[in-house]
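Worksheet: the structure to be examined is printed underneath.
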Amino acid sequence: MKIDDKLALNLFHVDKDAHIKVNEEICRKCPHQICTYVCPVENYTLDGDKVVFSWEGCLECGTCNIACDQGAITWDYPRGGFGILYRLG
Amino acid sequence: MGNNHKFDVIIVGAGPAGTTAAYVLARAGVNVLLLERGTYPGTKNVFGGILYTTVLNRLIPNFWEEAPVERHIKGVQIFLISGNNAVSIGVQSEEYNKPPYNNSFSVSRVKFDQWYAQKAEEAGALLVTSTVVDDLLWENGKIVGVKVRGGEGDINADIVIAADGVNSLLAEKAGLRSHFAPRQVALGMKEVIELPREVIEERFNINDNEGVELKYIAGDATEGIWGGGNIYTNLESISVVTWVALKPLIERRLKATELMEHFKNHPFVRNYIKGGKTIEYQAHLAPDGGYDFTPKYYTDGLLVVGDAARFLNASIHYEGTNFAMASGEAAAKTVLEARKKGDYSAKGLSYYQKLLNESFVMKDLKRYRKLNRFAEANPEFFDAYFGAITQMAVDYFTINELPKRRQELQMLKRFRSTLRDLYASGSGGTYHHNRLARVLYRTFPLVRFLWQCLKGVISFI
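Protein chains in written order, with my numbering: chain U, 29 to 117; chain Z, 392 to 852.
In structure tokens, the structure reads:
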């Protein structure tokens, strides 16, 4: 099952601005780009050598913030009431 | 609320830890504000699958008669799997079918956390949702409240309880811990998969409100990464979990999402899921590594509870909800004690440490400290050895015309040669050992294996 199909099942209240800021200049020089592996919703993808980040499907788990050792990520929660809204949990 | 409003206690996070603290304090007449960043309690919360309820049942006796629980867990089946072979052992009891149902229930966290927070509200706590706490308020080096994002601004209190989950930004901001390293957390992914009630009951051999847990320990469930897979029965769905320690996941450069699919499609897993329809996908971090990584959990004006304090028994028991509620209750008792003296300094709050030390929370964390270290230092127990052990079990039960005595000897010979190959290749945890040691291991593989097992047993007892 593809991750996009899984995320389509979830309820999100997507904010217009990203709650996680990614410095893509740092990512371009990153030796491992590990975020593209560990993110459980594949929000970090590669376009050539460029890391592309999207926040819409974020489950606010915090994995990228801990896996990134390059200081490229400024991590925060979405505004109150925004982001993932689990119906089951 | 507003700028000059002051509460006795502000609790950040309406999960099991925060809500327990709110409930106990509100019941004792304390003016409590419970803040939750989700639209309502539970909407941001994920757990591995079982609500352990010894504390809850003491606070709200026979809670299951009114709480939205799914099934009580009457048994657990533990699997060790390699690609081709599986060994499993199960425990269940009719005793677990009677109140208090071994204090183990599957629940939907969104439904349960909402119900529980409502109990705290009924007891007198003020619950405010959709509210993110960005920082703590300080005065003369003491924490005196929280800074809320958006219009509400600053809110003051005598004591703040940080129940803001595994990522606890408040514990970090209070200087109680530094930024996490990958070895301090595990990543869990979970799918809730819908199946008809009758299918679940037939497939898992259960009736009425009975439930079971299937627990796959590392091995091929996680492609050899320390972690595991779990299946829990809900009323009309099952929860399928894959969790892995973050450090080895990074080192192995495996895609987290592919690990989940690998587990679901494994020959020893897929038949439990067959025909089901995924209805929600979740991911969350869990504290990992046990006692060694537990932060300081109180300071002037602040107590830290639950996952935020990394209270989770990362062993075969993997209890978290129980630890959350026990620490929430201990924090509430500490506040009540501190209020008598009006002393909210770290010294005044040190009663929290005493209560935790006396409870199973600290005792269990310390008890498994050596096991956690052993597991980290000997990853082959959760990977390479699985193949050898499950193969030995399969060889033992293979039907052929050999006299059993000879079959047993062959089984041992094969086990020994598998170990020898592991040690020679370095995948048996020996890659960092010197040449002489490796020659010895190759010559006496069983000796090394048994020696390691002995060390494992010693770390466990």
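We put the CB at the ideal spot given by N, CA and C, even for glycine. These numbers come from a predicted model, not from an experiment.
Could you tell me whether the Cβ of residue 647 of chain Z comes closer than 8 Å to any Cβ of chain U?
So, interface residue.
Could you name the residues of the same chain whose beta carbon sits closer than 7 Å to that of residue 506 of chain Z, not counting the 5 residues immediately before and after it, in chain order?
Around residue 506 of chain Z: 458, 459.
Helix or strand or just coil, what does DSSP make of residue 463 of chain Z?
Correct three-state label for residue 463 of chain Z: strand.
Hey, could you find the ends of the alpha helix (DSSP H) residue 580 of chain Z is sitting in?
No alpha helix (DSSP H) contains residue 580 of chain Z, which is instead part of the beta strand (DSSP E) from 576 to 585.
Quick check on the DSSP output: the alpha helix (DSSP H) that includes residue 506 of chain Z runs from which residue to which?
Note, residue 506 of chain Z: alpha helix (DSSP H), 500 to 513.
How many Å lie between residue 421 of chain Z and residue 399 of chain Z at the Cα?
One C-alpha to the other measures close to 7 Å.
Taking residue 675 of chain Z as the query, report the chain U residues whose CB atoms sit under 7 Å from its CB, ordered along the chain.
Residues of chain U passing the Cβ test: 89.
Identify the continuous beta strand (DSSP E) that holds residue 409 of chain Z and give its terminal residues.
First-last for residue 409 of chain Z: 407 to 418, but that is the alpha helix (DSSP H), not the beta strand (DSSP E).
Just list the residues that DSSP pairs residue 827 of chain Z with in beta bridges.
DSSP output for residue 827 of chain Z lists no bridge partner at all.
Under the three-state reduction of DSSP, which class applies to residue 714 of chain Z: helix, strand or coil?
DSSP places residue 714 of chain Z in helix when its eight states are reduced to three.
Helix, strand or coil for residue 680 of chain Z per DSSP?
Residue state, collapsed to three classes: coil.
Does chain U have any CB closer than 8 Å to the CB of residue 499 of chain Z?
Output row for residue 499 of chain Z: interface = yes.
Check whether the region 600 to 615 of chain Z and the region 460 to 474 of chain Z touch, using three or more Cβ-Cβ pairs below 8 Å as the test.
Contact between the region 600 to 615 of chain Z and the region 460 to 474 of chain Z is present, because at least three Cβ pairs lie under 8 Å.
According to the Cβ coordinates, are residue 814 of chain Z and residue 796 of chain Z closer than 8 Å?
Their beta carbons are not under 8 Å apart, which means residue 814 of chain Z does not touch residue 796 of chain Z by this criterion.
When you compare only the Cα positions, how much space is there between residue 393 of chain Z and residue 544 of chain Z?
Reliability fails at residue 393 of chain Z, whose pLDDT of 46 lies under 50, so the model's placement of it is uncertain and the value that follows must be treated cautiously. Roughly 8 Å between the two C-alpha positions.
Which residues in the same chain as residue 712 of chain Z place their Cβ atom closer than 6 Å to its Cβ, once the five residues preceding and following it in sequence are excluded?
407, 442, 443, listed in sequence order.
Closer than 7 Å between beta carbons: that is the criterion. Which residues of the region 29 to 41 of chain U meet it against chain Z?
Answer set for the region 29 to 41 of chain U: 29, 31, 34, 35, 37, 38.
Since residue 403 of chain Z meets chain U, which of its residues come closer than 7 Å, beta carbon to beta carbon?
Residues of chain U passing the Cβ test: none, with the nearest at roughly 11 Å.
Specify whether the region 608 to 616 of chain Z and the region 96 to 108 of chain U touch according to this definition: at least 3 beta carbon pairs, one from each stretch, less than 8 Å apart.
The region 608 to 616 of chain Z vs the region 96 to 108 of chain U: no contact.
Are the region 579 to 592 of chain Z and the region 102 to 109 of chain U touching by the rule of at least three beta carbon pairs closer than 8 Å?
Cβ pair count under 8 Å is below three, so no.
Under 7 Å between beta-carbons, which chain Z residues line up against residue 109 of chain U? List them in chain order, please.
Neighbours of residue 109 of chain U on chain Z, chain order: 430, 521.
If the criterion is Cβ atoms closer than 8 Å, does the pair residue 427 of chain Z and residue 405 of chain Z meet it?
Contact flag set, yes.
In terms of residue numbering, what span does the alpha helix (DSSP H) encompassing residue 662 of chain Z cover?
Run containing residue 662 of chain Z: 661 to 664, per the alpha helix (DSSP H) assignment.
When you compare the region 43 to 53 of chain U with the region 67 to 87 of chain U, are there three or more beta-carbon pairs, one atom per stretch, that lie closer than 8 Å?
They touch, by the three-pair rule.
Residues of chain U with CB closer than 8 Å to the CB of residue 433 of chain Z, please, in chain order.
Those are 114, 117, listed as they occur along chain U.
Which full runs of the alpha helix (DSSP H) of 4+ residues lie inside the region 561 to 633 of chain Z, going along the chain?
List check, alpha helix (DSSP H) in window: 588 to 594.
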